[in-house]
Each structure stands twice: as structure tokens, then as C-alpha cells.
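**Q**
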Amino acid sequence: MKQGHKPAGRRAFAQLALAGAAALVLSACGGSDSDDGLDKQGVLNLEGAYNTVGSGMSKAQVIGIVGEPPHQESDFMLGWSDYSYGSTQGLTVRFHTVGGQLVTDSASWFVQANGTVSRSLNKNL
């Protein structure tokens, strides 16, 4: 065996080993375990939140039910939107003042695909 082939073979093996180690390190960096208000499929459960929101709730209670801060907010409204899997869903909760307290007034939820609303729910609280 020629002397010149050993360093080249060792160099190739070292490069391959280094590339494999780098690939393992990078693959371990992926993913996230953060609790960001998403259900197990990675989609906000806005319909579940809609079903849970009830009469007399505060803004803080509604935000706690959804599990993340609203995407739109005004004095008398909170709104969330989620764009996942080729569809859009939204939740809007409106508030009014009762006895000096800001409480839930109404809620609406919708889901649409391809620009057409396929299902919507509205309730006065």
C-alpha cells in the first residue's frame, strides 16, 4: 500500500465524521417546547375558547382561556386570528361596562377556507 493514500483516507474519514457530528448537533437544535397557547396540532383552539367564554368575564379571563395575548385589542374588543393548514379562523370578543366593570358582551368565531366562510358562530353573553 502506498504511503500517500493513508493521509488522504484519514482526511476523508475525519471530514465525514466531522460532518456527521455537525448534522447531529444541528438536528438537536430543532423544535420547541414552549407553551404558546397552541393545541397539539399547532393551531390555536379558537373554537374551544369561543365555547368556553361566558357572561360576565373580564378581559384577563378571556385572554387566559385563549392562552395567548390578543392580536387585536381596543377598549371594548379583543380579537385573535389563526392562519393554519390552508384555512383561517378568528375569534372576536366584545365587552361593555356593567357596574363600573368591563365584562363580556358578545363573542363570534369563524373558520374559512379558500376565502369562503364555511362556518361561523355568534352569541350574546
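Taken in order, the sequence shown gives residues 402 to 526; the numbers are from the numbering used here. A virtual CB, placed ideally from N, CA and C, is assigned to each residue, including glycine. All values derive from a computational prediction rather than experimental measurement.
1) Is the distance from the Cβ of Val-494 to the Cβ of Val-454 below 7 Å?
2) Taking the runs of the beta strand (DSSP E) that are 3 residues or longer, which of them lie wholly in the segment 445–495?
3) Is Ala-514 near Ser-482, with beta carbons less than 7 Å apart?
4) Would you mind reading off the limits of the beta strand (DSSP E) that contains Leu-526?
5) Output yes or no for whether 7 Å exceeds the beta carbon distance between Pro-470 and Gly-480.
6) By alpha-carbon positions, which one of Ser-519, Leu-526, Ser-485 and Leu-492 ends up nearest to Glu-474?
7) Within 10 Å of its beta-carbon, does Leu-445 have 16 or more other beta-carbons around it, so buried, or fewer, so exposed?
8) Counting C-beta neighbours from all protein chains within 10 Å, is the total for Thr-517 16 or more, i.e. buried, or is it exposed?
9) Among Ser-519, His-497 and Lys-524, which has the Cα closest to the Cα of Ala-508?
10) Going by the beta-carbon positions, is the gap between Leu-526 and Ser-456 smaller than 7 Å?
11) Which residue from Gly-449, Ser-485 and Ser-459 puts its Cα closest to that of Asp-506?
**A** Once the coordinates are examined:
1) Position 93 of the sequence shown holds residue 494. Position 53 of the sequence shown holds residue 454. The answer is yes: Cβ separation under 7 Å.
2) Runs of the beta strand (DSSP E) inside the segment 445–495: 473–475 and 478–485.
3) For the purposes of this step, residue 514 is taken as residue 113 along the sequence shown, with counting starting at 1. For the purposes of this step, residue 482 is taken as residue 81 along the sequence shown, with counting starting at 1. Not in contact: Ala-514 and Ser-482 (Cβ atoms no closer than 7 Å).
4) Mapped onto the sequence shown, residue 526 falls at position 125. Note, Leu-526: premise wrong, no beta strand (DSSP E); not H, not E.
5) As a first step, residue 470 must be located in the sequence shown, where it is residue number 69. As a first step, residue 480 must be located in the sequence shown, where it is residue number 79. Cβ atoms of Pro-470 and Gly-480: not closer than 7 Å.
6) Residue numbering aside, residue 474 sits at position 73 when the sequence shown is read from its first letter. Nearest of Ser-519, Leu-526, Ser-485 and Leu-492 to Glu-474, Cα basis: Leu-492.
7) Taking the sequence shown and counting its residues from 1, one reaches residue 445 at position 44. That one is buried.
8) By 1-based counting over the sequence shown, the position of residue 517 is 116. It is exposed - the Cβ of Thr-517 has fewer than 16 other Cβ atoms within 10 Å.
9) Position 107 of the sequence shown, counting from 1, holds the residue named residue 508. When only C-alpha atoms are compared, the closest one is Lys-524.
10) Here residue 526 refers to the residue found at position 125 of the sequence shown. Here residue 456 refers to the residue found at position 55 of the sequence shown. Yes. Within cutoff.
11) Along the sequence shown, one-based indexing puts residue 506 at 105. The shortest C-alpha separation from Asp-506 is found at Ser-459.
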